[in-house]
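Below is one structure, written out as structure tokens; comments come after it.
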Amino acid sequence: METIVSATNPQANIAEIPRSARGWQFVRRFAHHPGALVGVFVLLVLIVAAILAPYIAPFDPTETDVGARLSAPDAMHWLGADLHGRDIYSRIVWGGRYSLAVGIATVLLALVIGSSIGIFLGYVGGRVDAIGSRLIDVLLGFPSVVMAILVVVVLGVGLVNVVIAVAIAQVPRFARVVRSAVLVTKEQLYVDAARAIGASGWRIMARHLLPNVVPTLIVLGTLNLGEAILSTATLSFLGLGAQPPTPEWGAMLNDGRDYMRYAPWMMFFPGLALFLAVMSVNLIGDRLSQLLDPRARQR
Amino acid sequence: MHYAIRRILGIIPVLFFTWTIVFGVIQLIPGDPVNLMLAGVPASAEVRENERRRLGLDRPIIERYVTFLGRALRGDLGESYRSRQPVSKMISEQASSTLQLAAGGLAVGLTVGLLLGMLAGLMPNTWVDTLCMLVALAGVSLPSFWIGMMLIYVFGMTLAWVPIVGSGFSALILPSITVGLFVAGGFARLVRSSIIDAMGQDYIRTARAKGLSRFSIAFKHALRNALIPPVTLLGIQIAVLIGGAVVTENVFARPGLGTMLVEAVLNKDLPLVQALVVYTTAAYVIINLVVDLLYGLIDPRVQAGRS
Numbered sequence: 006m007e008t009i010v011s012a013t014n015p016q017a018n019i020a021e022i023p024r025s026a027r028g029w030q031f032v033r034r035f036a037h038h039p040g041a042l043v044g045v046f047v048l049l050v051l052i053v054a055a056i057l058a059p060y061i062a063p064f065d066p067t068e069t070d071v072g073a074r075l076s077a078p079d080a081m082h083w084l085g086a087d088l089h090g091r092d093i094y095s096r097i098v099w100g101g102r103y104s105l106a107v108g109i110a111t112v113l114l115a116l117v118i119g120s121s122i123g124i125f126l127g128y129v130g131g132r133v134d135a136i137g138s139r140l141i142d143v144l145l146g147f148p149s150v151v152m153a154i155l156v157v158v159v160l161g162v163g164l165v166n167v168v169i170a171v172a173i174a175q176v177p178r179f180a181r182v183v184r185s186a187v188l189v190t191k192e193q194l195y196v197d198a199a200r201a202i203g204a205s206g207w208r209i210m211a212r213h214l215l216p217n218v219v220p221t222l223i224v225l226g227t228l229n230l231g232e233a234i235l236s237t238a239t240l241s242f243l244g245l246g247a248q249p250p251t252p253e254w255g256a257m258l259n260d261g262r263d264y265m266r267y268a269p270w271m272m273f274f275p276g277l278a279l280f281l282a283v284m285s286v287n288l289i290g291d292r293l294s295q296l297l298d299p300r301a302r303q304r
Numbered sequence: 193m194h195y196a197i198r199r200i201l202g203i204i205p206v207l208f209f210t211w212t213i214v215f216g217v218i219q220l221i222p223g224d225p226v227n228l229m230l231a232g233v234p235a236s237a238e239v240r241e242n243e244r245r246r247l248g249l250d251r252p253i254i255e256r257y258v259t260f261l262g263r264a265l266r267g268d269l270g271e272s273y274r275s276r277q278p279v280s281k282m283i284s285e286q287a288s289s290t291l292q293l294a295a296g297g298l299a300v301g302l303t304v305g306l307l308l309g310m311l312a313g314l315m316p317n318t319w320v321d322t323l324c325m326l327v328a329l330a331g332v333s334l335p336s337f338w339i340g341m342m343l344i345y346v347f348g349m350t351l352a353w354v355p356i357v358g359s360g361f362s363a364l365i366l367p368s369i370t371v372g373l374f375v376a377g378g379f380a381r382l383v384r385s386s387i388i389d390a391m392g393q394d395y396i397r398t399a400r401a402k403g404l405s406r407f408s409i410a411f412k413h414a415l416r417n418a419l420i421p422p423v424t425l426l427g428i429q430i431a432v433l434i435g436g437a438v439v440t441e442n443v444f445a446r447p448g449l450g451t452m453l454v455e456a457v458l459n460k461d462l463p464l465v466q467a468l469v470v471y472t473t474a475a476y477v478i479i480n481l482v483v484d485l486l487y488g489l490i491d492p493r494v495q496a497g498r499s
């Protein structure tokens, strides 16, 4: 937390504040917004539930039970059962392991690739940068769903391929933002100083430019996480991602659509879990960008 | 004028890059196109060879690439592996359904987004602002396939107010809301910050000093200027609309380009996938160009600043 505050605003006199107080202050400012607190709480509940799935889920998520087919929520099946009599509550709890992990993996992949490209282009500059940024602009022009679908065509259907597809669609965003951040940062005196004492290009990029774009990356990563969870679930819903009987939330919604009239709980609860996850991530992302993005802070 | 010409010429490299990427990606798809075309029907080596020649697959890749670019420009991208119809004909038949959905979604999205953004922007940092922005955030957080199903369940099945299937105007209402909610969320946030910016300008202080009513200041002075920036970002919303159409058409089982794209992907109907991506990106680039040029007409500062 400490690095975040100092890195966003290097000019501020935060060096005088003890490091622990700075981190604490950041947490307090973050918590000042009730929406963000609710977001953290809901997201924590979902994550902890996914981690503790084997202990808190009353049933095996793929265990079928003909007697319980399409049964409405009751004392036994708290959120009802699906077409094969599988317990929906257990599937949602286990599904968090897929839906949340897939979203996080997607953003991390996009973040690592995108920011490497961005740092490289921004630092190298010149013709390489000119061509590279032009290409990024073109890629940004692809509607991301279309782009992700195109990648799935090449790689084939499946959850891992969906992660790669959505990550590729997000890479240009990270690359562009990081590149412009690096363009500003590399004019700083300490970069000149590093060069003067003979630091290599790679060292400057990794040790001096990267830490300075970390706050930007945190904000951008959180803001893209909601969309990543949503997009990967969407592809699973369209039948291009998780395959049955995987208890992934998007795939569960796809299962539920044909039985909407008879068993609306099959689509209601997985969708609610998905909505809560995305909404809480977006609430956190909003608050972080207010605190860490200097432009947003002025508003 | 120079600005317009430069912008129009500027889309040529963009389309060139885009189509090159599409061509390259399609080449990466594993599997022999002839197998996909024959769809498992047993065929002699001779038939396969003829088919290969007819599709132009025996040509070197550079030649195929040049042919592809030429045909993309002419709007002729071959025939579907599945239906054996020209893909451009298939696309033009389905386009109107998707355009209707996009128009409906845009109408709902702009109306709701404008309303939320204005309320929030004119009363910043009040509970009204907080509430409006929460609703806007919910708009971008709602999985559109979920909200689509919920709308079908509540208004189509339980209350039976609107038909779930069909092609008339009433069948367009729920899909438009589904697409529109997502557009509204993003648009509301843009409108809000633009209004807050405008309310801080000198001419607003002047208007206030003249003793004008709050209403007159907000609607006659602030709004007019505040709406220009969000409108220019409409071009970006097109990408949202396209993505929304793919999902929404699927949920409502509506015919259209989105349904067609998902089916083409699942069937590995490569010419159709290729054509759909080529034309969607072209439409996206051209719409953005038109929005940009219109912006230049509305606001002369843009022309001066960019050229």
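Residue numbers (my numbering), protein chains in the order written: chain G, 6 to 304; chain D, 193 to 499.
A virtual CB, placed ideally from N, CA and C, is assigned to each residue, including glycine.
Excluding five sequence positions before and after residue 35 of chain G, the CB atoms of its chain that fall closer than 7 Å to its own CB belong to 41, 292 and 296, given in chain order. Residue environment for residue 358 of chain D: exposed (fewer than 16 other C-beta atoms within 10 angstroms of its C-beta).
Against residue 333 of chain D, the close residues of chain G are 231, 280, 283, 284 and 287, in the order they occur along the chain (beta-carbon pairs closer than 7 Å). Residue 318 of chain D and residue 253 of chain G have their alpha carbons spaced roughly 39 Å apart. Annotated as distal: residue 370 of chain D and residue 146 of chain G, with beta-carbon spacing of 8 Å or more. Taking residue 173 of chain G as the centre and dropping the five residues before and after it, the same chain places the C-beta of 156 closer than 6 Å to its C-beta, in chain order.
Going by DSSP, residue 60 of chain G is part of the alpha helix (DSSP H) stretching over 58–61. For residue 321 of chain D, the CB contacts under 7 Å within the same chain, skipping 5 residues up- and downstream, are 312 and 315 in chain order.
Under the 10 Å beta carbon count, residue 265 of chain D is surrounded by fewer than 16 other beta carbons and is classified as exposed. Residue 278 of chain D is bridged by DSSP to D/271. Taking the Cα positions, residue 117 of chain G is about 33 Å away from residue 464 of chain D. At a cut-off of 8 Å, the C-beta of residue 227 of chain D has no neighbouring C-beta in chain G. The C-beta distance from residue 51 of chain G to residue 282 of chain G rounds to 5 Å, short enough to fall under 8 Å.
Under DSSP, residue 86 of chain G shares a beta bridge with G/92. Within the same chain, 290 and 294 come within 7 Å of residue 228 of chain G by CB-CB distance, once the 5 residues on both sides are set aside. Proximity of chain G to residue 330 of chain D at the Cβ level (cut-off 7 Å) is accounted for by 284, in chain order.
Per DSSP, the unbroken alpha helix (DSSP H) holding residue 459 of chain D starts and ends at 449–459. Residue 429 of chain D sits buried, since 16 or more C-beta atoms from the chains shown fall within 10 Å of its C-beta. Among the residues of the segment 122–154 of chain G, those with a Cβ less than 8 Å away from any Cβ of chain D are 139, 140, 142, 143, 144, 146, 147, 148, 149, 150, 151 and 154, in the order of the chain. Residue 260 of chain D and residue 424 of chain D have their C-alpha atoms roughly 33 Å apart. When Cβ-Cβ separations below 8 Å define contact, residue 119 of chain G makes no contact with chain D.
At least one C-beta of chain G is nearer than 8 Å to the C-beta of residue 349 of chain D.
The C-alpha of residue 185 of chain G is placed about 13 Å away from the C-alpha of residue 137 of chain G. When DSSP states are grouped into helix, strand and coil, residue 267 of chain G belongs to the coil group. Between residue 230 of chain G and residue 286 of chain G the beta-carbon gap is near 5 Å, inside 8 Å, which marks them as a contact. G/65 is the residue among G/275, G/102, G/108 and G/65 whose C-alpha sits nearest the C-alpha of residue 90 of chain G. If you draw a straight line from the Cα of residue 373 of chain D to the Cα of residue 58 of chain G, it is about 33 Å long.
Using a Cβ-Cβ cut-off of 9 Å, residue 482 of chain D is close to nothing in chain G; its nearest Cβ partner there is about 15 Å away. Rounded to whole angstroms, residue 449 of chain D and residue 203 of chain G show a C-alpha spacing of 57 Å. Among the residues facing chain G, residue 451 of chain D is not included, as its CB has no counterpart in that chain under 8 Å away. Distance from the CA atom of residue 330 of chain D to the CA atom of residue 233 of chain G, rounded to whole angstroms, is 16 Å. Distance from the CA of residue 258 of chain D to the CA of residue 470 of chain D, rounded to the nearest whole angstrom, comes to 15 Å. At least one CB atom of chain G sits nearer than 8 Å to the CB of residue 341 of chain D. The C-beta separation of residue 328 of chain D from residue 376 of chain D comes to about 7 Å, placing the pair in contact by the 8 Å criterion.
Here the alpha carbons of residue 169 of chain G and residue 114 of chain G stand approximately 8 Å from one another.
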